[in-house]
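Residue numbers (my numbering): -10 to 526. Cβ coordinates follow ideal geometry from the N, Cα and C atoms, glycine included. One structure is given below, encoded as structure tokens.
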């Protein structure tokens, strides 16, 4: 039987079509992509005969996830093929931005500006072995590979079920996957499935600059964002010693957070990248001669085994040390200038601030006070987090100067299945097959370092560390939430096997053609068919 996507040429055509459907996060294109993809999947005879096996799942703001189930009549065991279809924006392409989603034209255009490109990119451009463009690597290639697997399984009637699930908004808040968790549980019950593996198709990410190894991953790194609102005492610049700027206070914590090795974890010999500041800005919106007295900062922390509570404990200790240092320097200045200090630096968790405010004003008053902020259409969840905290502190200034510690979204819990027997079997099969068939050396990475939606399945935090996250994330339960309990029910192991590419999130993002369209389809197919499965009889 002829296939739509079963040859390297046809699969490449499919990818170029998917890339041409611009689906930048939080744009109309992201909304429209799901409907185009549904129509594309309906071209397969299997779904024409079983249209009820394709469905959409509501996310938010009109966005939908798409699921497509190939179901063998005798099979119970099911592999979930996970991917995302949103991409980051394309501003860095400059004059070439109109071509960012047209791989063929973009490659030709790059030849005209080759003197602007680095040597590695020029080599790859001249080799003809790469496809350039936004979403080629991250991660529409993974989606195209999964679509081809579903097609082949349906034609050859593989004795295992495949559930393709592709979601929007992985690149910003992972809303697609957070909403998708309950959707997966519903589909599992509705069709009598038993999930045995969550298989993602994210591309290979270099472990360090210049790394060209081909990896598969038996886990995905966690990411969490400890944040702080610094509140000083305002004054006129003509009387600088009558107050203390929030900018001054914030520098002490930022200095201690940046590259702080106490947050580093090393698991299976792989270290987490060190913390770095993602944003730091004062919240003063206009120029005036009043000193800045509110500053916000957000810090990126990667995790492999620690939960939200453990990270927050470390963060609080660092903040207390920073506040003590700030106080020492500030008091020394006051003594030198012979003035009365405005006070010490109060370090508190967001949950303590909320508790204090509720006691002072009552629950209903606080709810009314925060409603406008939580509903503000122009602010994202991070801005809302800071504004909620800001409103509480403005009304509780007796607690200032202060550092209020919190979490800002998003949160990606770490996940790892390196010790799972099925995963071990799959890893060994792919590594051996890649070497034998293609002379391709594939290495095992224990944590995918590009951050992925696998974080929302196979959740194993036994000590309820997420409670600290819920209590200290100001927008939690309103603008942002994570289905921690439901995630525990999706207990199957995780694995990421994807194509080779380079420069995700850069204008030189590119995908290796032979690896993606010739090698990966065979490696994925033979890995899946090597899995022992149980049927209904």
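Measuring C-alpha to C-alpha distances from residue 153 to each of 160, 162, 142, 159 identifies 142 as the nearest. DSSP, read as helix, strand or coil, puts residue 150 in strand.
Take residue 167, set aside five residues on each side of it, and the residues of its chain with a beta-carbon closer than 7 Å to its own are 445, 471, 472, in chain order. When only Cα atoms are considered, residue 188 and residue 456 end up about 28 Å apart. Taking residue 77 as the centre and dropping the five residues before and after it, the same chain places the C-beta of 160, 494 closer than 6 Å to its C-beta, in chain order. If only complete runs of 4 or more residues are kept, the region 54 to 118 shows the alpha helix (DSSP H) at 92 to 101, 108 to 116, in order along the chain. In the three-state scheme derived from DSSP, where H, G and I count as helix and E and B as strand, residue 164 is classed as helix.
According to DSSP, residue 251 shares a beta bridge with no other residue.
In the structure shown, residue 438 falls within a coil segment according to DSSP collapsed to helix, strand and coil.
Here the alpha carbon of residue 117 sits roughly 32 Å from the alpha carbon of residue 435.
Just so you know, the alpha carbons of residue 46 and residue 128 end up roughly 20 Å apart. In the displayed model, residue 422 falls within a helix according to three-state DSSP.
Checking the DSSP bridge columns, you'll see residue 216 partnered with 287, 395.
The alpha-carbon of residue 266 is positioned some 28 Å away from that of residue 207. By the neighbour-count definition (other C-beta atoms within 10 Å, threshold 16), residue 172 is a buried residue.
The residue among 244, 220, 441, 481 with its C-alpha nearest the C-alpha of residue 235 is 220.
For residue 305, same chain residues with a beta-carbon under 8 Å away, outside a window of 5 residues either side, are 336, 338, 394 in chain order. In chain order, 138, 141 place their CB closer than 8 Å to the CB of residue 514, counting only its own chain and leaving out the 5 sequence neighbours on each side. Contact between the region 179 to 194 and the region 85 to 105 is absent, with fewer than three C-beta pairs closer than 8 Å. Our two residues, residue 261 and residue 268, have alpha carbons roughly 20 Å apart in a direct line.
Secondary structure note for residue 337: its beta strand (DSSP E) is the uninterrupted segment 335 to 338. Counting only runs that start and end inside the region 451 to 476, the alpha helix (DSSP H) elements of at least 4 residues fall at 455 to 460. Pairwise C-beta distances place the region 281 to 297 in contact with the region 240 to 257, as three or more of them are shorter than 8 Å. Your pair residue 476 and residue 170 checks out as a contact, with CB atoms roughly 6 Å apart and the cut at 8 Å. A distance of 7 Å or more separates the beta carbons of residue 150 and residue 57.
Less than 7 Å divides the Cβ of residue 331 from the Cβ of residue 222.
DSSP places residue 350 within a helical segment (H, G or I) once states are collapsed to three. Taken in chain order, the complete alpha helix (DSSP H) segments of 4 or more residues contained in the region -1 to 44 are 17 to 30, 34 to 38. For residue 508, the secondary structure class from DSSP, reduced to helix, strand or coil, is helix.
The region 399 to 418 makes no contact with the region 172 to 183; the number of CB pairs closer than 8 Å stays below 3. Cβ neighbours of residue 82 within its own chain (closer than 6 Å, five residues either side excluded): 89, 496.
The shortest C-alpha to C-alpha distance from residue 448 to any of 432, 488, 400 is the one to 400. Counting every other CB atom within 10 Å of its CB across the protein chains shown gives residue 325 a total below 16, marking it as exposed.
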